[in-house]
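Please read the structure below before turning to the comments.
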C-alpha cells in the first residue's frame, strides 16, 4: 500500500482537490482509493478517514488506529489518498500543532507521502483572516495583530 496524506492549508484550493480531483482520480483508476473529505463536508467518510481523523483530534486509540493502517497496507498495489485540511487548523480544544504532532505519531513506521498544498504566505494569511473576520472583529484584533499574535495564523509562517 502507498498512503498519500494531503493536509492542504486553508485557502489553497483544498476544497477543489477534495470535491473534484481526488474523487475523479480514484474513479478513473482501480488502484487508487480516496478516503478524504467529500464535499459537502460530512458526507461519505470511509473507515480509514474516520479512524485517522479521530486519533488526530482526540489522541485516543493510537494502537488500534495504527493496526487499521497496517491492514490497509496489506492491500497490494493500491494507493490510498486521505485529505483533510482541518489537521492544520486550530479548533476549540486542539491546536494545529497538537494535531500535526499526532499525525506524525500515527504515521510512525507507516510508508506514506505527505502532500501539503500551500499559498504565498501573505495572501494565504490575509484570506484566512477575511474568512474568520467576524471572530477577529469580535475580539478587536486587526490583521497585523492577528499575524503577530494569533496561533491560528501561525500555519502561514513557512
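Numbering (this note's numbering), first residue to last: 5 to 162. Backbone N, C-alpha and C define an ideal beta-carbon position, used for all residues, glycine too.
Give the DSSP-derived three-state secondary structure of residue i in the structure shown.
i	result
residue 129	helix
residue 117	strand
residue 92	helix
residue 162	coil
residue 87	strand
residue 37	strand
Output the boundary residues of the beta strand (DSSP E) element that contains residue i.
i	result
residue 6	6 to 10
Can you tell me whether residue i is buried or exposed? The criterion is at least 16 other CB atoms within 10 Å of its CB, across all chains shown.
i	result
residue 53	buried
residue 16	buried
residue 60	buried
residue 31	exposed
residue 97	exposed
residue 57	buried
Should residue i and residue j be called a contact, given that it needs their Cβ atoms to be closer than 7 angstroms?
i	j	result
residue 120	residue 11	yes
residue 147	residue 137	no
residue 35	residue 84	no
residue 157	residue 150	yes
residue 14	residue 89	yes
residue 55	residue 69	yes
residue 63	residue 106	yes
residue 73	residue 114	yes
residue 94	residue 154	no
Ends of the alpha helix (DSSP H) at residue i?
i	result
residue 106	100 to 111
residue 32	26 to 32
residue 145	Counting along the chain, residue 145 falls outside any alpha helix (DSSP H), and DSSP gives it neither H nor E.
residue 51	51 to 62
On the DSSP bridge list, what partners appear for residue i?
i	result
residue 140	In the DSSP output, where bridge partners are listed per residue, residue 140 has none listed.
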